[in-house]
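If you use my numbering, the sequence shown corresponds to residues 1120 to 1265, in order. We treat Cβ as the ideally placed atom computed from N, Cα and C, and that holds for glycine. Every value quoted in this text rests on a predicted model; they were computed, and no experiment measured them.
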Amino acid sequence: MAKFIFRMQNILNIKGKLEEQAKMEFAHARMRLDEEEAKLAALAGRKEDYEEKGRRLRDDKLNVQDIIDNKNAIITIDGYIDIQRFEVKKAEDQLELARLKLNEAIKERKTYERLREKSYEEFIKEENASEAKEVDELISYKHAVK
1120 MAKFIFRMQN ILNIKGKLEE QAKMEFAHAR MRLDEEEAKL AALAGRKEDY
1170 EEKGRRLRDD KLNVQDIIDN KNAIITIDGY IDIQRFEVKK AEDQLELARL
1220 KLNEAIKERK TYERLREKSY EEFIKEENAS EAKEVDELIS YKHAVK
């Protein structure tokens, strides 16, 4: 039996490598999104701490400067939270782009794998037909020799 050779094996190998690269990009984008969400959660925690400190300042003896400083800190942290929400949104968009790229790479690789499978099935059919022809010729020869 002859050896099966897929003419587009190099392309299939490249598609596999592109898929692996897309997986790595997706993982990197996922990690970045996780980092940005962790930063946002830390900022939200800091804001809660400032708000709690503000409540304590108002309950204790009134120190106007401390209350003003606390209010300014809350306003500043709100600005940081808005900026971080934008960074999270940007990371989510990058993750979505990486996901789409990964899906496209998977589709392309699977397409070439299907082509390879069909080519292999055709090869097997041709080999079986060739073997059947050889067997028929052998039987005809043996029958003719008798």
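Can you tell me the Cβ-Cβ gap for residue i and residue j, rounded? I've got them flagged as a contact below 8 Å.
i	j	result
ILE1200	LEU1159	7 Å
PHE1125	SER1259	Going by Cβ atoms, the distance from PHE1125 to SER1259 rounds to 34 Å, so no, they are not a contact pair.
GLU1240	VAL1207	In fact, because the Cβ distance is near 49 Å, the residues do not count as touching under 8 Å.
LEU1214	ALA1148	4 Å
LEU1131	GLU1232	7 Å
ILE1202	TYR1169	Not really, about 17 Å apart at Cβ, beyond 8 Å.
ARG1177	ILE1186	7 Å
Run the CB neighbour count on residue i, radius 10 Å, all protein chains shown included, and call it buried at 16 or more, exposed below.
i	result
LEU1221	buried
PHE1123	exposed
VAL1224	As written in the sequence, residue 1224 is Ala, which differs from the Val given in the question. So ALA1224 ends up on the buried side.
PHE1145	buried
ALA1210	buried
MET1121	According to the sequence shown, residue 1121 is Ala rather than Met. With fewer than 16 Cβ atoms within 10 Å of its Cβ, ALA1121 is classed as exposed.
ALA1217	buried
ALA1251	exposed
Inset, instruction - Please determine if the segment 1217-1232 and the segment 1123-1135 are in contact, where contact requires at least 3 C-beta pairs separated by less than 8 Å. - result: Contact between the segment 1217-1232 and the segment 1123-1135 is present, because at least three Cβ pairs lie under 8 Å.
Inset, instruction - Scan the segment 1122-1201 and note each continuous alpha helix (DSSP H) run of 4 residues or more that stays entirely inside, going in chain order. - result: Taking only runs of at least 4 residues, the alpha helix (DSSP H) segments lying wholly in the segment 1122-1201 are 1128-1178.
Inset, instruction - Could you say if the segment 1242-1256 and the segment 1177-1192 meet the contact criterion of at least three C-beta pairs nearer than 8 Å? - result: For the pair of segments examined, the segment 1242-1256 was found not to touch the segment 1177-1192: the number of CB pairs separated by less than 8 Å stays below three.
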